[in-house]
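Trainee: Per the working numbering, the very first residue in the sequence shown carries number 18; after that it's consecutive.
Ideal Cβ placement from N, Cα and C applies to all residues, glycine included.
Since the model is a prediction, treat every value here as computed from it, not as a measurement.
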Amino acid sequence: MEENFSADDIITLVDDEGVEREFEILDFIENSKGKFYALMPNFDLEGKELTKEETYFIFELIEENGEEQLTEVDDDLLLDELSEEFEKRLGNI
């Protein structure tokens with residue numbers, strides 16, 4: 018996956034139900050725990066009202082079967098740590 022991107026970069030992810038969804042890449046962090054992306058949904062969330070904490074999603078870049086994939090971060094402590102870092106870097110989203 019390309020790590021050089023502009024604020025206008027859009028990626029398409031396929032959810033568990035096979036539905037393609039577009040996201041805008043907000044930022045990228047690489048540290049000792051992995052590679053992580055902050056992504057803003059670029060689609061209608063079916064009327065769901067987002068709170069400040071839900072304005073973006075954090076995904077981890079993993080390699081599976083020789084292919085790079087983005088997956089949700091399951092570790093709540095790591096997610097909190099990443100959220101804090103992204104929010105410092107992005108300011109108020």
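#1: Between N59 and K105, what straight-line distance do the alpha-carbon atoms span, to the nearest angstrom?
#2: Could you tell me whether the Cβ atoms of V90 and E77 are closer together than 7 Å?
#3: Tell me, please, which residues DSSP counts as bridged to V36.
#4: For D26, which three-state DSSP category applies?
#5: Just curious, the alpha helix (DSSP H) that K105 is in, first and last residue?
#6: Does the Cβ of I75 have 16 or more other Cβ atoms within 10 Å, making it buried, or fewer, making it exposed?
#7: Any idea what DSSP makes of T72, helix, strand or coil?
Mentor: Result, derived from the coordinates:
#1: Here residue 59 refers to the residue found at position 42 when the sequence shown is read from its first residue. Here residue 105 refers to the residue found at position 88 when the sequence shown is read from its first residue. Cα to Cα, N59 sits roughly 22 Å from K105.
#2: For the purposes of this step, residue 90 is identified with residue 73 of the sequence shown, where counting begins at 1. For the purposes of this step, residue 77 is identified with residue 60 of the sequence shown, where counting begins at 1. A contact, by the Cβ cut-off of 7 Å.
#3: In the sequence shown, the residue the question calls residue 36 occupies position 19. The beta-bridge partner set that DSSP reports for V36 is empty.
#4: In the sequence shown, counting from the first residue as 1, residue 26 sits at position 9. In this structure, D26 counts as coil in the three-state DSSP scheme.
#5: To locate residue 105, count along the sequence shown from 1; it is residue 88. From DSSP, the alpha helix (DSSP H) with K105 extends over 93-107.
#6: Locating residue 75 in the sequence shown gives position 58, counting from the first residue. Counting Cβ neighbours within 10 Å, I75 comes out buried, since at least 16 surround it.
#7: Taking the sequence shown and counting its residues from 1, the one referred to as residue 72 is at position 55. T72: coil per DSSP, three-state reduction.
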